[in-house]
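Participant:
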Amino acid sequence: MSRAELKQLSKSQLKGNWKVPVLLMLIYSVVVILVSIIQNHTDSGLGIFIGFLVSLGIEVWGFVGFSKFFLKFRENPNNSKFEDVLVSKSALLKSLGFVVIIGIIGAIIGGIIGVAAVASSVNFIFGNGGLSAVSWLLIVLSIVLGVLLTIFSLAVSMTSYIIVDKEQLGLIKAMKLSIKMMKGHKWELFVIQLSFIGWAILGLITLGIGYLWLTPYMTLTITNLYKELDKNNSLKVIETDI
56 MSRAELKQLS
66 KSQLKGNWKV
76 PVLLMLIYSV
86 VVILVSIIQN
96 HTDSGLGIFI
106 GFLVSLGIEV
116 WGFVGFSKFF
126 LKFRENPNNS
136 KFEDVLVSKS
146 ALLKSLGFVV
156 IIGIIGAIIG
166 GIIGVAAVAS
176 SVNFIFGNGG
186 LSAVSWLLIV
196 LSIVLGVLLT
206 IFSLAVSMTS
216 YIIVDKEQLG
226 LIKAMKLSIK
236 MMKGHKWELF
246 VIQLSFIGWA
256 ILGLITLGIG
266 YLWLTPYMTL
276 TITNLYKELD
286 KNNSLKVIET
296 DI
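This note's numbering puts the sequence shown at residues 56 to 297.
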């Protein structure tokens, strides 16, 4: 199924069924904003720590909760329920593990890129307006790491769906299955994501209100891509092969 067909399918599924997805996004957005406001106005260490735990909990739940919701939604768009975002304890624990793993990888790569940026800036300022060979090397390294992180993110992008769709698999197996599933399809997903840039800009112009409709549309399109890849027999992986 082509990108255009996936998007058309998603629009047809959402037609007349926007209410629950949009309200769900509204509730989620309000909760995230309220938590952020509370965190920004809290000076105590305990308050900051509690705020961090709440934010982490929202992220962990959202990672798998929305995937489950839209998997259920695509099966029966006319009968979507708010409770479809609820997931098992096992799914939440796997989601937590995934968030931690990605967070560590992102922090390491981000730290290296940050050090490279600072070192290059210092060298440029105090090096008569030029960059040394080491600075250029750091810049190239930062670009390479950024590209690799993007590729890895695309490779494991189906993990949340696999966690709730194939609960018998552990986290590492789910990530491995996602990598196998996305082999040869990472660029396809990247282009799908890029195709929503116009809508994203429109969402910014509307002060974020447009995202209440864009997020369900985009997420459902990716959900349909997952099911398309999953039903392809050549991409299915037996648990013992993972």
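Every residue gets a Cβ at the ideal spot worked out from N, C-alpha and C, and that includes glycine.
All values derive from a computational prediction rather than experimental measurement.
Since Ile93 and Gly106 are thought to touch, with beta carbons under 8 Å apart, how far apart are those beta carbons, to the nearest angstrom?
Facilitator: The residue given as residue 93 occupies position 38 in the sequence shown. The residue given as residue 106 occupies position 51 in the sequence shown. With 8 Å as the limit, Ile93 and Gly106 qualify as a contact, their Cβ atoms being about 6 Å apart.
Participant: Just mark Asn134 as buried or exposed, buried being the case when its beta carbon has 16 or more other beta carbons within 10 Å.
Facilitator: Here residue 134 is taken as the residue at index 79 of the sequence shown, counted from 1. Per the 10 Å Cβ criterion, exposed.
Participant: What residue from Leu259, Ala210 and Gly225 has the CA that sits closest to Lys235's CA?
Facilitator: Stepping through the sequence shown from its first residue, residue 235 is reached at position 180. The candidate whose alpha carbon is nearest that of Lys235 is Ala210.
Participant: Taking Cβ to Cβ, would you say Phe125 is nearer than 8 Å to Thr274?
Facilitator: Counting from one through the sequence shown, the residue named residue 125 turns up at place 70. Counting from one through the sequence shown, the residue named residue 274 turns up at place 219. Contact flag set, yes.
Participant: Return yes when the Cβ of Phe153 is within less than 8 Å of the Cβ of Val140, no when it is not.
Facilitator: Numbered from its first residue, the sequence shown carries residue 140 at position 85. Numbered from its first residue, the sequence shown carries residue 153 at position 98. Cβ distance not < 8 Å, so Val140 and Phe153 don't count as in contact.
Participant: Could you give the C-beta distance for Leu232 and Leu224, rounded to a whole number, given that I count them as a contact under 8 Å?
Facilitator: The residue you call residue 232 lines up with position 177 of the sequence shown. The residue you call residue 224 lines up with position 169 of the sequence shown. Between Leu224 and Leu232 the Cβ distance is about 7 Å, and since that is below 8 Å, they are a contact.
Participant: Shortest alpha-carbon distance to Asp285 belongs to which of Ile103, Met213 and Leu203?
Facilitator: Counting from 1 along the sequence shown, the entry for residue 285 is found at position 230. Selected option, being the one with the closest Cα: Met213.
Participant: Please check the pair Ile252 and Leu61, which I expect to be a contact at CB under 8 Å, by giving their CB distance rounded to whole angstroms.
Facilitator: Numbered from 1 along the sequence shown, position 197 holds the residue referred to as residue 252. Numbered from 1 along the sequence shown, position 6 holds the residue referred to as residue 61. Actually they do not touch by this definition, with Cβ atoms about 16 Å apart.
Participant: Note the first and the last residue of the continuous alpha helix (DSSP H) segment covering Leu275.
Facilitator: Numbered from 1 along the sequence shown, position 220 holds the residue referred to as residue 275. Run containing Leu275: Tyr266 to Lys286, per the alpha helix (DSSP H) assignment.
Participant: Name the residue from Leu269, Lys238 and Asn287 whose alpha carbon lies nearest to the alpha carbon of Lys66.
Facilitator: In the sequence shown, the residue the question calls residue 66 occupies position 11. Measuring from the Cα of Lys66, the nearest candidate turns out to be Leu269.
Participant: Apart from the five residues on each side of it in sequence, which residues of its chain come closer than 8 Å, Cβ to Cβ, to Ile167?
Facilitator: Translated into positions along the sequence shown, residue 167 becomes position 112. Hits under 8 Å: Leu196, Ser197 and Leu200.
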